[in-house]
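Numbered as in my numbering, the sequence shown ends at 304 without a single skipped number. Every residue gets a Cβ at the ideal spot worked out from N, C-alpha and C, and that includes glycine. Since we're looking at a predicted model, the values are computed, not measured. These notes are about the structure you will find just below.
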Amino acid sequence: MTDTDTAVSGLATYREARERAVRQPQGVLALVNTQWITGETGVGQPIWGVPGLWAPREPGESGLVLTAELADGILVDGRLAQGQVVVRGRDDENPSEVRFSDTVSGFVIAGEDGGYALRVWDAESEAISDFGGIDAFPYNPDWVVRAAFRPLDEVKAVGFEHVKDDGRTRERVIPADITFEKDGVAYTLAAYWDEQKLLLVFGDATNGDSTYGVGRFLKVLPNDDGTITLDFNRAYLPPCAFSYHFNCPIPPRQNRFAVAIEAGEKNVLARSGELLH
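Structure representation (structure tokens):
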């Protein structure tokens with residue numbers, strides 16, 4: 028096999044794994060609600076689609092307090108919930124798992140402001156039922172880029188807006204400048220650590236035309252020789268392309284390409300061939 032044949036084969040395997048992953052019981056297509064619980068400590072609130080009342084804990088304590096009856100049938104860490112039960116957040120060293128039925132599950136996530144939300148997943152969601160596939164460009168060797176990875180001597184933070192944050196930014200520490208030149212244009216990109224890899228949130232001239240309008244993601248790792256390989260064929264759609272209940276980062280200005288990057292995933296399709304949403 029040629030190097031191109033190997034790359035095409037590897038990409039096909041990657042894309043098959045992606046389509047399996049998004050269909051999982053807690054894959055991105057299964058998310059049906061993310062509800063933030065605010066207000067007075069200990070005062071329970073209903074959450075759409077699931078039983079029980081959910082209340083904030085004391086400041087600094089992870090998770091939420093669930094008030095439930097046995098008849099609600101809510102399992103928290105494998106036990107039926109009755110009365111008040113602490114549901115620990117994903118920021119806890121021992122996070123709680125919640126099950127509402129054979130197909131509906133949940134867990135609590137932490138916000139950057141100290142708040143908590145319940146995420147509800149349905150393994151038989153409408154999105155999973157309607158899902159037809161992920162549309163993607165064919166392999167494009169022109170968008171496999173070898174860039175320089177230059178660690179920064181001083182701490183540098185870049186503000187990332189998010190889809191649902193009304194223009195507010197969240198600061199992300201950038202460990203290095205990622206620089207390269209392509210077709211006579213110099214680029215300096217910003218990526219931040221996310222789950223043991225660097226996350227590059229980028230936009231390009233295809234967004235809103237042949238690809239998802241918000242932008243796309245690419246996970247990368249630096250090489251030992253001071254370079255980093257940006258294989259845009261592995262660019263993937265952010266979670267908010269699959270479910271409205273995610274709040275995704277928007278590419279900062281320096282990560283917006285004026286050219287079309289015709290590589291990677293394009294859009295989420297329904298069984299009909301139309302856009303899923």
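Taking the C-beta atoms as reference points, GLY79 is found nearer than 7 angstroms to ILE101. Here HIS189 is bridged, per DSSP, to PRO276. When Cβ pairs closer than 8 angstroms are counted between the two stretches, the stretch 86–98 is seen to touch the stretch 132–148, the count reaching three or more. In this structure ASP231 touches ALA287 by the C-beta definition: roughly 6 angstroms separates them, less than 8 angstroms.
The C-alpha of LEU56 lies about 10 angstroms from the C-alpha of TYR271.
Between SER123 and VAL131 a beta carbon distance of about 15 angstroms is seen, past the 8 angstroms cut, so the two are scored as non-contacting. Residue burial is scored here from C-beta neighbours: LEU248 has fewer than 16 other C-beta atoms within 10 angstroms and is therefore classed as exposed.
Where THR130 is concerned, there is no enclosing beta strand (DSSP E), because DSSP gives it neither an H nor an E.
Counting along the chain, the unbroken alpha helix (DSSP H) around THR31 starts and ends at 30–49.
Around the C-beta of THR33, fewer than 16 other C-beta atoms lie within 10 Å, and the residue is accordingly described as exposed. Here ASP162 has GLU292, LYS293, ASN294, VAL295 and LEU296 as same chain residues with Cβ atoms under 8 angstroms from its own Cβ, once five neighbours each way along the sequence are excluded. DSSP lists ASP162 as the beta-bridge partner residues of ASN294.
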